[in-house]
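Below you'll find the structure, written out as structure tokens, and then a few comments.
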Amino acid sequence: MAMNEESQELNETDEKDQNAKQHDFKTEEKSISCSQTKKTPSQAQKTQTTNLNSNMIIHTGEKPFTCPQCGKNFTWKGSLETHMRTHTGEKPFVCDQCGKSFTQKKYLTVHMRIHTGESPFTCPQCGNGFTQKKYLTVHMRIHTGEKPFTCPQCGKNFTWKGKLKTHMRVHTGEKPFTCPQCGNGFTQKKYLAVHMRIHTGEKPFTCPQCGKNFTCKGKLKTHMRVHTGEKPFTCKLCGKSFSFNNGLKVHMRTHTGEKPFVCDQCGKSFTQKNCLNTHMRIHTGERPYTCKLCGKSFSLNNGLKVHMMNHTEKKPLMCPQCGKSFTQKHCLNTHMIIHTGEKPYICPQCGKSFRYKGSLKIHIRIHTGEKPFTCKLCGKSFSFNNGLKVHMRTHTGEKPSVCDQCGKSFTENKLLNAHMRIHTGESPFTCKLCGKGFTRKENLKNHMKIHSRQKNVNCH
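Numbering of the sequence shown is given in full-length UniProt numbering, commencing with residue 1 and proceeding in unit increments.
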């Protein structure tokens with residue numbers, strides 16, 4: 001609480017207040033007549049001289065009374081006697097309500113207002129009451145905007161000395177409050193108290209809407225925006241609003257083009273760390289989302305959600321051309337290209353056209369030589385994920401493509417298709433010079449060399 005932070009600062013004025021009161025007393029004492037005090041003329045003159053000497057101390061700054069324990073000096077003997085209680089621990093003034101004791105009567109008087117509820121010092125601006133005048137004085141700075149305490153490092157101003165003292169730890173790096181569990185340091189005691197809830201598991205702040213619990217009030221306040229729809233963070237460039245500051249921070253990267261999270265495998269960069277984590281599954285092959293019905297796994301949660309529609313037979317989107325159904329609109333849009341024959345994505349290197357943006361992106365690797373898929377066993381790299389998948393079978397010995405005619409097996413389907421021509425007699429690759437047919441394109445290429453050699457012989 002702000003007032004607690006300032007108690008030490010405000011108490012520093014107590015001695016000055018006491019000195020001022022004693023000065024006023026000495027001044028008022030001059031007006032007491034001899035008849036009232038019933039002193040002889042010589043006694044009255046002596047008293048007047050003593051009072052004059054005491055009064056002069058205020059102006060000269062003389063402090064003749066010294067503490068034998070710590071060497072601190074005081075203007076008045078009574079102030080020294082009160083101070084000595086800090087060394088002796090004496091607290092002679094005891095509260096009859098709760099038993100708390102104090103070094104001075106005035107502190108007991110102020111303390112008693114806690115029990116009586118008395119707040120004699122009222123703010124003329126907002127009506128808040130305070131037990132002491134000094135608390136009202138500090139409070140008034142809220143209304144006046146006065147911030148008399150300035151940081152010598154950065155120039156920031158503060159209402160209370162205690163807040164400046166706490167702020168200075170930003171510059172000094174001081175963290176006097178240490179967690180006994182993990183050793184983390186904090187600049188303020190209240191931050192340590194919140195941190196301790198990590199270890200205790202305490203979550204005292206509960207959302208009244210959904211019952212979710214939080215460790216601190218600030219996190220609950222931020223969470224409430226989920227229910228209220230409040231979006232206080234607005235982009236100055238496009239006007240889009242966000243519930244959380246981090247959402248705006250990530251959004252700004254769409255304007256600046258900043259992509260600070262870079263894949264160490266292929267160099268691809270991302271605007272968010274979670275996008276990079278998802279991307280890494282391409283390299284690791286991780287598929288953490290598994291269908292409980294058929295066991296099929298997916299790298300993305302959304303992929304599992306779409307897959308689940310195959311089991312529930314929910315395919316609400318139907319192609320008007322062929323009647324085929326789809327679970328997602330973008331899948332239907334992609335399918336429609338088959339009917340229109342449209343190939344809007346063109347390679348800038350060779351002019352080849354593609355139906356899908358993803359297909360063009362993959363094709364570009366032929367020109368760039370990019371090979372982002374690497375075998376962990378031998379280090380060989382591939383431009384396409386399927387190339388790595390087929391290659392892995394050379395290590396595992398897997399040959400899933402089996403000929404139903406002779407039982408011979410192959411590592412990939414295209415090798416099986418080429419093999420099947422032995423049984424069917426199909427020869428789709430025909431020589432344009434002599435008409436001879438071949439089952440494989442490689443065989444046609446080798447055959448064409450015969451014609452090339454014959455042409456060279458005829459030329460000679």
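Where a beta carbon is used, it is the ideal one built from N, C-alpha and C, also for glycine.
Task: Same chain, Cβ closer than 7 Å to LYS343, five either side skipped, listed in chain order - done: So the qualifying residues of the chain are SER353, PHE354 and ARG355.
Task: Buried versus exposed call for LEU377 [16 or more other C-beta atoms within 10 Å across all chains shown] - done: Result: exposed.
Task: PHE438 versus MET448: straight-line alpha-carbon distance, rounded - done: Cα to Cα, the separation comes out at about 11 Å.
Open item on the list: Per DSSP, what are the beta-bridge partners of ILE422 in this structure?
Closed with: When beta bridges are read from the DSSP output, ILE422 appears opposite no residue.
Open item on the list: In the DSSP assignment, the alpha helix (DSSP H) including GLU174 goes from what residue to what residue?
Closed with: For GLU174, no alpha helix (DSSP H) run applies, since DSSP gives it neither H nor E.
Task: Exposed unless 16 or more other CB atoms sit within 10 angstroms - verdict on VAL138 - done: Buried: at least 16 other Cβ atoms inside 10 Å.
Task: Complete runs of the beta strand (DSSP E) confined to the UniProt domain "C2H2-type" (65-92) [at least 3 residues] - done: The DSSP assignment places no complete run of the beta strand (DSSP E) inside the UniProt domain "C2H2-type" (65-92) (cut-off: 3 residues).
Open item on the list: Give me the residue from ASN386, HIS419 and HIS395 with the minimum Cα distance to VAL402.
Closed with: Scanning ASN386, HIS419 and HIS395 for the CA closest to the CA of VAL402 turns up HIS419.
- [ ] For THR103, I'd like the list of residues in its chain whose CB is within less than 6 Å of its CB, leaving aside the five on either flank, ordered along the chain.
- [x] Correct list, in chain order: ARG85 and LYS91.
- [ ] For SER79, count neighbouring C-beta atoms within 10 Å of its own C-beta (all shown protein chains included) and say buried if the count is 16 or more, exposed if not.
- [x] SER79 should be labelled buried.
TODO: Determine the direct distance from the alpha carbon of THR66 to that of LYS72, and round the result to whole angstroms.
DONE: Approximately 6 Å between the Cα atoms of the pair.
Task: Selection from ILE282, GLN321 and THR60 that minimises the alpha carbon distance to LYS371 - done: Of the candidates ILE282, GLN321 and THR60, the residue whose Cα lies closest to the Cα of LYS371 is ILE282.
Open item on the list: Need the endpoints of the alpha helix (DSSP H) that GLY387 sits in, please.
Closed with: It spans 385-396 - the alpha helix (DSSP H) in which GLY387 sits, taken as one unbroken run.
TODO: Note the first and the last residue of the continuous alpha helix (DSSP H) segment covering THR284.
DONE: If you look at THR284, you'll find it in the alpha helix (DSSP H) that goes 273-284.
Task: CB of PHE177 within 8 Å of CB of TRP160, strictly - done: No, they are not a contact pair.
Task: Proximity below 8 Å, CB of HIS255 to CB of LEU276 - done: For the pair HIS255 and LEU276, the CB atoms are not nearer than the 8 Å cut-off.
Task: Rounded C-alpha distance that separates GLN209 from LEU164 - done: Approximately 38 Å, taken between the alpha carbons.
- [ ] Along the alpha helix (DSSP H) that carries MET336, what are the first and last residues, could you check?
- [x] Per DSSP, MET336 belongs to the alpha helix (DSSP H) from 329-340.
Task: Coarse secondary structure for MET318, derived from DSSP in three states - done: The DSSP-derived three-state label of MET318 is strand.
- [ ] Mark GLY99 as exposed unless 16 or more other C-beta atoms lie within 10 angstroms of its C-beta, in which case mark it buried.
- [x] Classification for GLY99: exposed.
- [ ] Assign LYS408 to buried or exposed, taking buried as 16 or more other Cβ atoms, counted over all protein chains shown, within 10 Å of its Cβ.
- [x] Exposed, by the Cβ-count rule.
- [ ] Can you tell me which of the three DSSP states TYR345 falls into?
- [x] Residue state, collapsed to three classes: strand.
Open item on the list: Here's the rule: buried if 16 or more other CB atoms are within 10 angstroms of the residue's CB, otherwise exposed. What is THR131?
Closed with: The residue in question, THR131, is buried, as its Cβ has 16 or more Cβ neighbours within 10 Å.
Open item on the list: Check whether the region 265-274 and the region 286-298 touch, using three or more Cβ-Cβ pairs below 8 Å as the test.
Closed with: Between the region 265-274 and the region 286-298, the count of Cβ pairs shorter than 8 Å is below three; the stretches do not touch.
Open item on the list: Measuring only the C-alpha atoms, how far is ASN443 from THR411?
Closed with: Rounded to whole angstroms, the gap between the alpha carbons of ASN443 and THR411 is 20 Å.
TODO: Alpha carbon to alpha carbon, how far is ILE142 from MET112? Give it in angstroms, no decimals.
DONE: Taking the straight line joining both Cα atoms gives about 27 Å.
- [ ] Have a look at the DSSP bridge pairing and note the partners of GLY295.
- [x] None, per the DSSP bridge assignment.
Task: Per-residue burial, HIS435 [other beta carbons within 10 Å of its own, 16 or more giving buried] - done: The amino acid occupying residue 435 in the given sequence is Gly; His does not appear at that position. So GLY435 counts as exposed.
Task: N-terminal and C-terminal residue of the alpha helix (DSSP H) that MET309 is part of - done: Going by DSSP, MET309 is part of the alpha helix (DSSP H) stretching over 301-312.
TODO: State the Cα-Cα distance for the pair LEU304 and ASN310, rounded to the nearest angstrom.
DONE: If you take the alpha carbons of LEU304 and ASN310, they lie about 10 Å apart.
Task: THR206 and ASN213 closer than 8 Å at C-beta - done: The Cβ-Cβ distance between THR206 and ASN213 falls below 8 Å.
Task: Separation of TYR191 from PRO179, as counted between CA atoms - done: Just to set this straight, residue 179 is Cys in the shown sequence, not Pro. Their backbone Cα atoms lie some 10 Å apart in a straight line.
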